[in-house]
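>
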Ligand SMILES: [Fe+2]
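Residue numbers (my numbering): -11 to 201.
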């Protein structure tokens, strides 16, 4: 997992453990500001028509007897403000294509089939420590008018004072990431949009909002 506090303290204080302790004790000091998660295009497929189920497990729709097709993954993380404070109660709306690269959206003219058992969208809230978790299907790469898109999940994050619209990528998709125009356009901030593989089918990704929670 990326630890923004650690990388920041290294930059500002040259790795001093004592300085890091001082930072933790005064969490609103401007010098400890974290680099924010980069904002990115919302894209054309924000779900207008939603299924009845919007919970954190996108692989099962309530009342269905079959799970969605594809590789089941878990993504966990925290929402932090730029001082490293957890943002509790933040709303995360997220949406993605299915295991074959198709969005459940009228604007998606791709010919890959829809998966009637894939939720495709979730709306969740962060917990007391800014923590969140989803279970979903690994999205596929897909062709688009701007070139092949690497696997990604779209996020709309609403804290108390700041809203971030962005896209999350996967650390084990290096080849696809290297040819994705939107990912490459992020430049040096691309790694802050990258969920890290932390175990079989498990990814970690922290979101840093630009403003205080
Ligand atoms: Fe997309």
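Heads up, the beta-carbon is just placed ideally off N, CA and C, and yes, glycines get one too.
With C-beta atoms as the reference, is residue 181 less than 7 Å away from residue 32?
Counted from its first residue, the chain shown places residue 181 at position 193. Counted from its first residue, the chain shown places residue 32 at position 44. No, they are not a contact pair.
> Which runs of the alpha helix (DSSP H) fall wholly inside the segment 44 to 108 and span at least 4 residues, in chain order?
none
> Whose C-beta lies closer than 8 Å to the C-beta of residue 166 among residues of the same chain, with five residues either side of it excluded?
Within the chain shown, residue 166 is the residue found at index 178, counting from 1. Excluding residues within five positions, the ones whose Cβ falls inside 8 Å are 172.
> Could you tell me the alpha carbon to alpha carbon distance between residue 46 and residue 57, rounded to whole angstroms?
Here residue 46 refers to the residue found at position 58 of the chain shown. Here residue 57 refers to the residue found at position 69 of the chain shown. One C-alpha to the other measures close to 11 Å.
> Please confirm whether residue 39 and residue 80 have their CB atoms less than 7 Å apart.
If you number the chain shown from 1, residue 39 lands on position 51. If you number the chain shown from 1, residue 80 lands on position 92. No, these two residues do not count as a Cβ contact at 7 Å.
> At a cut-off of 6 Å, is residue 135 close to ligand 1 when judged by its beta-carbon and the heavy atoms of the ligand?
The sequence position of residue 135 within the chain shown is 147, counting from 1. Not one heavy atom of ligand 1 is found less than 6 Å from the C-beta of residue 135.
> If residue 158 and residue 183 are in contact, beta carbons under 8 Å, what's the gap, nearest whole angstrom?
Walking along the chain shown from the start, residue 158 turns up at place 170. Walking along the chain shown from the start, residue 183 turns up at place 195. Contact flag correct, Cβ pair sits at about 6 Å.
> Look at residue 94 and residue 147 and say whether their C-beta atoms are less than 7 Å apart.
Here residue 94 refers to the residue found at position 106 when the chain shown is read from its first residue. Here residue 147 refers to the residue found at position 159 when the chain shown is read from its first residue. For residue 94 and residue 147, no; Cβs fall outside 7 Å.
> Can you list, in chain order, the residues of its chain whose CB lies under 7 Å from that of residue 41, leaving out five sequence neighbours each side?
Translated into positions along the chain shown, residue 41 becomes position 53. The answer, listed in chain order, is 49, 50 and 107.
> At a cut-off of 6 Å, would you count residue 31 as near ligand 1, judging by its Cβ distance to the nearest heavy atom?
For the purposes of this step, residue 31 is taken as residue 43 along the chain shown, with counting starting at 1. Yes, ligand 1 has a heavy atom inside 6 Å of this Cβ.
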